[in-house]
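Protein chains in written order, with the working numbering: chain U, 1 to 142; chain D, 1 to 142.
We put the CB at the ideal spot given by N, CA and C, even for glycine.
Below is one structure; the comments refer to it alone.
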């Protein structure tokens, strides 16, 4: 298996509501979707929002154990603590819930979290030890 | 907020167990981690595995509602149905649970799912309508 994630899918209660949130955040919805699924090109990968019940059925997950957010978090690294605060504010203005305001963290960076309308947590972080490349993507130190 | 995911973090019961699984899958663990967190460079982004309790605390998630997998799924797109079956078999050999064998799906592709040792679902998919670029990353049609 090659080391690649090509797409991240969020299970959501309402595809239209979730898509509208991500469009307010500045993500561009692709024409490839429909009323059951929306796709957003995020640089080299794709984010999709898909009905949670459809996702449970598609993945053959146990139907009696509804997923609860927080098992997976997504991170958006930026190049300064100020950018962390700015993105958190933008997310809240777009309808996110602030889980944790930006603060200096024990590992030497600065980070905060918001939850999207379905509770999926996003970390917004500045990590001075993990450089971002020209496209803003994360490269681990060698 | 720029359209970017820089890092995906999986909450796990045991960082050593989860890391060993992803190493068996062929992902290379970065020297940047420690016993509490492991990082894997996946092309332009990073996968990390982090203790679920640490993640709940870090993200300030409600402590009384333990996360349950399935709210977010990760996908690994490949270039043929045969490659789907091959990757699913590799994942099972590495210790994954098969959630859904590869099969033709209603949208015209071929896909299956496995769960990692913490239950996080990965879809392995061939989507003839979503081309992969030279690096194997997904590009939505214009």
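Strand pairing of residue i, partner residues [DSSP]
i                      : result
residue 24 of chain D  : DSSP lists no partner for residue 24 of chain D.
residue 17 of chain U  : For residue 17 of chain U, which the question treats as bridged, DSSP gives no partner whatsoever.
residue 43 of chain D  : Per DSSP, none; premise fails for residue 43 of chain D.
residue 125 of chain U : U/77 and U/111
residue 72 of chain U  : D/10
residue 132 of chain U : U/138
residue 50 of chain D  : D/11 and D/37
Straight-line Cα distance separating residue j from residue i
i                      : j                      : result
residue 76 of chain U  : residue 124 of chain U : 5 Å
residue 85 of chain D  : residue 110 of chain D : 9 Å
residue 30 of chain U  : residue 15 of chain U  : 14 Å
residue 136 of chain U : residue 38 of chain U  : 23 Å
residue 61 of chain U  : residue 70 of chain D  : 7 Å
residue 78 of chain U  : residue 132 of chain U : 8 Å
residue 104 of chain U : residue 113 of chain U : 13 Å
residue 153 of chain D : residue 93 of chain U  : No statement about residue 153 of chain D is possible, as the shown extent of chain D runs from 1 to 142 and does not include it.
residue 56 of chain D  : residue 68 of chain U  : 12 Å
residue 49 of chain D  : residue 33 of chain D  : 10 Å
residue 87 of chain D  : residue 3 of chain D   : 29 Å
residue 162 of chain U : residue 72 of chain D  : Residue 162 of chain U cannot be examined here, being either before or after the span of chain U that is shown, 1 to 142.
Buried or exposed (CB count within 10 angstroms, at least 16 for buried), residue i
i                      : result
residue 106 of chain D : exposed
residue 26 of chain D  : exposed
residue 156 of chain D : Here chain D has residues from 1 to 142 only, and residue 156 of chain D is not among them.
residue 141 of chain D : exposed
residue 64 of chain D  : exposed
residue 129 of chain D : exposed
residue 80 of chain U  : exposed
residue 116 of chain D : buried
residue 96 of chain U  : buried
residue 120 of chain U : buried
residue 11 of chain D  : buried
residue 102 of chain U : buried
For residue j and residue i, believed in contact at Cβ under 8 Å, the rounded distance
i                      : j                     : result
residue 91 of chain D  : residue 1 of chain U  : 7 Å
residue 126 of chain D : residue 83 of chain D : 7 Å
residue 8 of chain U   : residue 74 of chain U : 7 Å
residue 118 of chain U : residue 13 of chain U : 6 Å
Quiz item: Counting pairs of Cβ atoms below 8 Å between the region 19-39 of chain U and the region 38-56 of chain D, do you hit three or more?
Solution: no
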